[in-house]
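Just below is one structure, and these are the notes that go with it.
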Amino acid sequence: MTAHRCHRDDRCARWETDPATGHRAGASIEAEHGLCATCTRHLHQALDALPRDYLDLQMCLSASITGDAETVRGTPEPPLPLRVDVLAVQADITHEVLCWAEPVADTLGITLDTQAARDSRPGVVVQRCTRLLRSSVPVLLSLRAVEQLGWVHGCAVVTCRDGLDGALALIELHHRARAVTGLTRYIHRMTAPCPRCEAAALRRPDGSDTITCDHCGRVYTWDEYRDLCEVYVRWHERLAAA
Ligand SMILES: [Zn+2]
Ligand SMILES: [Zn+2]
Numbered sequence: 050m051t052a053h054r055c056h057r058d059d060r061c062a063r064w065e066t067d068p069a070t071g072h073r074a075g076a077s078i079e080a081e082h083g084l085c086a087t088c089t090r091h092l093h094q095a096l097d098a099l100p101r102d103y104l105d106l107q108m109c110l111s112a113s114i115t116g117d118a119e120t121v122r123g124t125p126e127p128p129l130p131l132r133v134d135v136l137a138v139q140a141d142i143t144h145e146v147l148c149w150a151e152p153v154a155d156t157l158g159i160t161l162d163t164q165a166a167r168d169s170r171p172g173v174v175v176q177r178c179t180r181l182l183r184s185s186v187p188v189l190l191s192l193r194a195v196e197q198l199g200w201v202h203g204c205a206v207v208t209c210r211d212g213l214d215g216a217l218a219l220i221e222l223h224h225r226a227r228a229v230t231g232l233t234r235y236i237h238r239m240t241a242p243c244p245r246c247e248a249a250a251l252r253r254p255d256g257s258d259t260i261t262c263d264h265c266g267r268v269y270t271w272d273e274y275r276d277l278c279e280v281y282v283r284w285h286e287r288l289a290a291a
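Numbering-wise (the numbering used here), the sequence shown opens with residue 50 and increments by one.
Structure, rendered in C-alpha cells:
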C-alpha cells in the first residue's frame, strides 16, 4: 500500500525520504489528500501573518518612494526594481486571498461581497479574506477543482486548482513577503570587531557583498574580512600566549 503524503511534497516541513523512490517526499498522512499537522500549522501562521506582511510591504514601498536612507542605505540595488518587487508580492497576496475567500464563502453559504471587497482598500480586502480563510481552513483544504481567472503575461487564463494548491500558494506568499521586506530592512550587525580599528561597528546590509565599518569607514569584501579576521584572531592568541 502506498502511503498518503503531505501535499507540500519535498517542501513539507517534515519531509521524509520515500523508500520507493529514494527522493524527498511529504510526511505520510492519514488522509488521501491533505497537509501534515506541521504544514497545516504553517498555513495557520501564514494566514495570521499575511495582513501584517501586506502592511510591511506598504512600509517598504513608502520607504523606497521617499528614499528613506535608513532602509535602503548601502544596498547595491537601485530603489526602482525593489518597488516593482514589492508591488508584485502585494498584488499576488490580494489576488490569492480573494481567489480562495470567494469559493470558501460560497461553500459556507456566506455572502462575500467581492465587488465591494475589490473596491475597498487592498489592505482591508486582505484582512477580511484572511480572517475568513483562517477560520475555515478545513473548508479551504477540501476545495477541489476550483476554476479561477488568472493572468499570464497580461493574458487572462482560466486555471483549475484545488484548495491544497491555494494553501501552498498562501504559505509561499508569506515567505516571499518576508524575503522582500527583509531585503530592504535587514542590516546585519557583525559581532566581530573591525579588523582595522577594532570598533564593534561592522554592518552588512542583507544581499550585499561587502561589509562596512561605521567607525573607520573601511569597506571589506567577504574574502578580505575572513582573512583579516583570521589574522586578528592569531594576533590575539599570540598576545594571550606572551
Ligand atoms: Zn507537510
Ligand atoms: Zn573600522
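Glycine residues also receive a C-beta, built at the ideal position from the N, C-alpha and C atoms.
Beta-carbon contacts of residue 189 that lie in its chain and below 7 Å, excluding the five residues immediately before and after = 149, 153, 182, 212, 215 and 216
ask   = Under 8 Å between the Cβ atoms of residue 143 and residue 174?
value = yes
Cβ-heavy atom distance, residue 87 to ligand 1, below 7 Å = yes
task = Tell me the start and end of each unbroken alpha helix (DSSP H) in the stretch 182-252 that is at least 4 residues and wholly inside, in chain order.
result = 186-191 and 212-234
ask   = Hey, would you say the C-beta of residue 76 is under 7 Å away from at least one heavy atom of ligand 1?
value = yes
Test item: CB-CB of residue 99 and residue 222 under 8 Å = yes
request  = Pull up the DSSP beta-bridge partners for residue 268, would you.
outcome  = 261
task = Determine the burial state of residue 72: buried for a count of at least 16 other Cβ atoms within 10 Å of its Cβ, exposed for fewer.
result = exposed
task = Can you give me the Cβ contacts of residue 201 inside the same chain, cut-off strictly under 8 Å, excluding the 5 residues immediately before and after it?
result = none
request  = Measuring from each Cβ to the nearest heavy atom of ligand 2, keep the ones under 7 Å and list them in chain order.
outcome  = 243, 245, 246, 248, 250, 262, 264, 265 and 267
message = Using a Cβ-Cβ cutoff of less than 7 Å, which residues in the same chain neighbour residue 210 once the five nearest sequence positions on both sides are dropped?
response = 195 and 197
task = Below 6 Å CB to CB, which residues in the same chain sit around residue 95 once its five sequence neighbours on both sides are set aside?
result = 219, 220 and 223
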